[in-house]
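Data block below; observations after.
2 protein chains.
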Amino acid sequence: MTPTDDPTPLRADARRNRERILAAAEAVFAERGPSASTEEVAARAGVAIGTVFRHFPTKNDLLGAIVKTFMARLTEEADALADHGDPRTALFTFFTRMVEEAAAKRTVVDLLAGAGVDMGVAKPVQTFREAIGTLLARAQGAGAVRQEIRPDEVVALLTAACQVALQAGWDPGLRRRTLKIIFEGLRPKDDG
Amino acid sequence: MTPTDDPTPLRADARRNRERILAAAEAVFAERGPSASTEEVAARAGVAIGTVFRHFPTKNDLLGAIVKTFMARLTEEADALADHGDPRTALFTFFTRMVEEAAAKRTVVDLLAGAGVDMGVAKPVQTFREAIGTLLARAQGAGAVRQEIRPDEVVALLTAACQVALQAGWDPGLRRRTLKIIFEGLRPKDDG
DNA sequence: GAAAATAATGAGTCGCCACTCATCTTGTCA
DNA sequence: TGACAAGATGAGTGGCGACTCATTATTTTC
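Here it is, written out as structure tokens:
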């Protein structure tokens with residue numbers, strides 16, 4: 001379980017380059033989406049193209065690594081809200097925050113919502129869904145969300161909202177109003 | 001305005017091929033999305049690749065033609081519902097129908113929601129938005145939708161739902177339940 | 001401070017795909 | 001029916017992008 005006792009520890013320069021590549025890939029894919037070229041990632045990382053492929057044998061592996069990191073970050077955030085936030089608002093806060101970030105995370109949104117690309121991120125995605133489930137359960141316990149709503153539906157709505165947040169011409173006002181409609185749909189009828 | 005008095009009417013075989021290409025393109029792009037190759041369209045149409053490019057000088061032109069047709073069909077459908085349907089349910093009926101079709105219309109959904117590809121379909125899209133606006137106004141007039149909701153928000157929600165309907169693993173049950181949440185968000189508070 | 005192991009380099013390969021054009025075919029019209 | 005314009009054909013071009021590998025460079029190790 002400890003990541004430090006790998007069979008063959010990386011050489012110093014290799015470790016450094018790996019980090020640079022991940023950082024560059026995150027930036028490039030965030031801007032240009034998953035179809036950005038590996039060349040561009042290499043250039044941004046200040047590294048030759050071959051080095052990228054040494055660390056990540058296929059482009060899919062690179063994308064998978066990014067998505068895994070991002071999902072972990074989101075899960076952590078959801079867990080923190082579940083532990084320390086107001087149960088009545090935590091789900092809505094998280095939802096809003098994630099949609100706001102969506103525009104900057106084109107790749108993750110595209111891949112999560114997109115065609116059935118697999119790339120071995122099933123486990124992080126599952127963990128993420130569980131974190132959402134916790135937020136939802138707490139909101140329901142506090143009477144802020146209708147009882148019959150299931151985690152799958154929330155994840156679907158969340159994905160949908162993020163997808164649309166990528167669109168051009170989505171000003172913050174429209175985003176806020178659209179989210180409000182979704183939230184109204186989640187709330188119990190008698191909620192003020 | 002009459003499309004028959006073009007400067008140079010098409011030859012019989014050209015007219016026939018044009019129709020075949022459009023039909024093939026609609027099918028291929030529906031299945032494989034907008035990244036499907038022009039070769040595949042030509043093959044499905046039973047026509048050489050050069051013929052496709054004679055009728056549609058760029059792939060974008062071909063995509064634009066398909067999208068235009070589809071938007072026109074949708075607009076027509078929305079107008080029909082506005083004229084003959086129950087105002088209380090017409091918007092919801094249309095919404096549901098369009099989302100159900102989304103899985104079969106990958107290209108249109110991708111392009112509508114996607115990056116700012118322009119391809120000269122601005123006018124049909126505008127017309128479509130107006131048709132949605134009519135449906136919405138009638139639903140509001142009948143008290144089936146809250147007054148403060150604007151057409152832009154409905155279009156955003158519609159696009160979002162269609163986007164997500166493309167996902168693998170979306171069974172009809174999940175789709176129905178998710179749409180229900182959205183519809184709850186649109187309805188007035190005191191609505192049964 | 002070499003030798004050995006590991007990593008970086010980047011020109012090159014391969015396949016895909018939008019698009020072209022010289023040549024052949026077919027519809028049209030007198 | 002024959003001549004000509006309009007259209008169809010499909011091998012070819014160019015560019016792009018994922019991926020390879022022989023060579024060169026840098027660490028590590030003793």
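Protein sequence lines, in the order shown, are assigned to chains C and X.
Heads up, the first sequence stops at 192 in full-length UniProt numbering, and the numbers go up one at a time, no gaps.
Heads up, the second sequence stops at 192 in full-length UniProt numbering, and the numbers go up one at a time, no gaps.
Backbone N, C-alpha and C fix where the C-beta goes; we use that ideal spot for every residue, glycine too.
### Nearest-angstrom Cα separation, counted from C:I66 out to C:G116
Working through the first sequence from its first residue, we reach residue 116 of chain C at position 116. Working through the first sequence from its first residue, we reach residue 66 of chain C at position 66. The predicted model places C:G116 with a pLDDT of 42, which falls under 50 and marks its position as unreliable; any figure quoted below should be read in that light. Using only the alpha carbons, I get a separation of about 17 Å.
### Message
I'd like the list of long-range same chain contacts for X:I21, defined as Cβ closer than 8 Å, with 5 residues on each side in sequence excluded.
### Response
Position 21 of the second sequence, counted from the start, is the residue given in the question as residue 21 of chain X. Once the five neighbours on either side are set aside, the close Cβ partners of X:I21 are V41, A42, A45, V47, T51, V52, H55, F56, L62.
#### Entry: residue 279 of chain C classed as buried or exposed, judged by whether at least 16 other C-beta atoms fall within 10 angstroms
There is simply no residue 279 of chain C to check, as chain C begins at 1 and stops at 192 in what is shown.
### Message
Against chain X, with Cβ distances strictly below 9 Å, would C:A115 count as a contact?
### Response
Numbered from its first residue, the first sequence carries residue 115 of chain C at position 115. Bear in mind that the predicted position of C:A115 carries a pLDDT of just 39, short of 50, making it unreliable; the figure below should be weighed with that in mind. True, the Cβ-Cβ gap to chain X drops below 9 Å.
### Message
Assess contact between the region 121 to 128 of chain X and the region 138 to 153 of chain X, defined as three or more Cβ pairs (one per stretch) separated by less than 8 Å. Is contact present?
### Response
no
### Task
Run down chain X in chain order and give the residues with a C-beta less than 9 Å from the C-beta of C:L186.
Here residue 186 of chain C corresponds to residue number 186 of the first sequence, with the count starting at 1. Neighbours of C:L186 on chain X, chain order: I181, E184, G185.
### Task
Report all residues from its chain with a CB closer than 6 Å to the CB of X:L81; omit the five preceding and five following residues, and keep chain order.
Here the question's residue 81 of chain X lines up with position 81 in the second sequence. Excluding residues within five positions, the ones whose Cβ falls inside 6 Å are A90, F94.
### Query
Along chain X, in chain order, which residues have C-beta atoms closer than 7 Å to that of C:A161?
As a first step, residue 161 of chain C must be located in the first sequence, where it is residue number 161. Under the 7 Å cutoff, chain X gives A160.
### Query
When you compare each of X:T75, X:L74, X:E39, X:T69 to X:T58 by their alpha carbons, which one comes out closest?
For the purposes of this step, residue 58 of chain X is identified with residue 58 of the second sequence, where counting begins at 1. When only C-alpha atoms are compared, the closest one is X:E39.
### Query
Beta carbon of X:L174: closer than 8 Å to some heavy atom of the ligand ATP?
Although the ligand ATP was asked about, the structure shown includes no ligands whatsoever.
#### Entry: Neighbourhood of X:P3 by C-beta distance below 8 Å, restricted to the same chain and skipping five residues each side
The count along the second sequence starts at 1 and reaches residue 3 of chain X at position 3. Any reading at X:P3 must be qualified, since the residue scores a pLDDT of 46, below 50, and its modelled position is unreliable; the value itself is stated next. Contacts found: none.
### Message
Under 7 Å, CB to CB, which of the residues in the UniProt domain "HTH tetR-type" (15 to 74) of chain C have a partner in chain X?
### Response
none
#### Entry: Whole-Å CB distance - X:T75 paired with X:A131, under 8 Å assumed
As a position in the second sequence, residue 75 of chain X is number 75, starting the count at 1. As a position in the second sequence, residue 131 of chain X is number 131, starting the count at 1. 5 Å between Cβ atoms; contact.
### Query
At a CB-CB cut-off below 7 Å, which residues of chain C make contact with X:A156?
Locating residue 156 of chain X in the second sequence gives position 156, where the first residue counts as 1. Here the neighbours are V164, L174, T178.
### Query
Would a check of beta-carbon distances place C:Q147 closer than 9 Å to chain X?
The count along the first sequence starts at 1 and reaches residue 147 of chain C at position 147. No, C:Q147 lies away from the interface with chain X (no Cβ there is under 9 Å from its Cβ).
### Query
Per DSSP, what kind of secondary structure is X:T58 in: helix, strand or coil?
Counted from its first residue, the second sequence places residue 58 of chain X at position 58. In this structure, X:T58 counts as coil in the three-state DSSP scheme.
### Task
Could you work out which residue in C:P87, C:I49, C:C162 is closest to C:R138 when comparing CA atoms only?
Numbered from its first residue, the first sequence carries residue 138 of chain C at position 138. Nearest C-alpha to C:R138: C:P87.
### Rounded C-alpha distance that separates X:L166 from X:R106
What you label residue 166 of chain X is simply residue 166 of the second sequence in a count that begins at 1. What you label residue 106 of chain X is simply residue 106 of the second sequence in a count that begins at 1. If I take the Cα positions, the gap works out to 7 Å.
### Query
Using a C-beta cutoff of 9 Å, does X:R150 count as contacting chain C?
Locating residue 150 of chain X in the second sequence gives position 150, where the first residue counts as 1. Interface residue, yes.
#### Entry: Closer than 9 Å to chain C by CB, X:Q167
On the second sequence, position 167 is the one that residue 167 of chain X refers to. So, interface residue.
### Message
Please tell me whether C:K123 has its Cβ less than 9 Å away from any Cβ of chain X.
### Response
Indexing the first sequence from 1 puts residue 123 of chain C at position 123. No, because no Cβ of chain X sits closer than 9 Å to the Cβ of C:K123.
### Per-residue contacts from C:E153 into chain X (C-beta, under 8 Å)
Locating residue 153 of chain C in the first sequence gives position 153, where the first residue counts as 1. Near C:E153 (Cβ distances below 8 Å), the residues of chain X are L174, R177, T178, I181.
### Task
State yes or no: is the beta carbon of X:K189 nearer than 9 Å to at least one beta carbon in chain C?
For the purposes of this step, residue 189 of chain X is taken as the residue at position 189 of the second sequence. Yes, because at least one Cβ of chain C sits closer than 9 Å to the Cβ of X:K189.
### Task
Out of X:D13, X:M71, X:R11, point me to the one whose CA is closest to X:E26's CA.
For the purposes of this step, residue 26 of chain X is taken as the residue at position 26 of the second sequence. Of X:D13, X:M71, X:R11, the residue nearest in Cα terms is X:M71.
### Query
Going straight from the alpha carbon of C:V154 to that of C:F183, what length do you get?
Taking the first sequence and counting its residues from 1, one reaches residue 154 of chain C at position 154. Taking the first sequence and counting its residues from 1, one reaches residue 183 of chain C at position 183. Between C:V154 and C:F183, the C-alpha separation is close to 10 Å.
### Message
Just to confirm before moving on: does the CB-CB distance between X:T96 and X:L157 stay below 9 Å?
### Response
Here residue 96 of chain X refers to the residue found at position 96 of the second sequence. Here residue 157 of chain X refers to the residue found at position 157 of the second sequence. Result no, Cβ atoms of X:T96 and X:L157 do not sit closer than 9 Å.
### Task
Within 10 angstroms of the Cβ of X:P9, are there 16 or more other Cβ atoms? Answer buried if so, exposed if not.
The count along the second sequence starts at 1 and reaches residue 9 of chain X at position 9. Label assigned to X:P9: exposed.
### Query
Are X:A12 and X:F92 touching if we call contact CB-CB under 9 Å?
In the second sequence, residue 12 of chain X corresponds to position 12, counting from 1. In the second sequence, residue 92 of chain X corresponds to position 92, counting from 1. No. Outside cutoff.
### Task
Report the rounded CA-to-CA distance for C:M98 versus C:R73, giving the unit in angstroms.
Stepping through the first sequence from its first residue, residue 98 of chain C is reached at position 98. Stepping through the first sequence from its first residue, residue 73 of chain C is reached at position 73. Distance between the alpha carbons of C:M98 and C:R73 is about 11 Å.
### Query
In this structure, does DSSP put C:T8 in helix, strand or coil?
Position 8 of the first sequence holds residue 8 of chain C. Three-state result, C:T8: coil.
### Task
Let me know the secondary structure DSSP gives X:A82 once reduced to three states.
Residue numbering aside, residue 82 of chain X sits at position 82 when the second sequence is read from its first letter. Three-state result, X:A82: helix.
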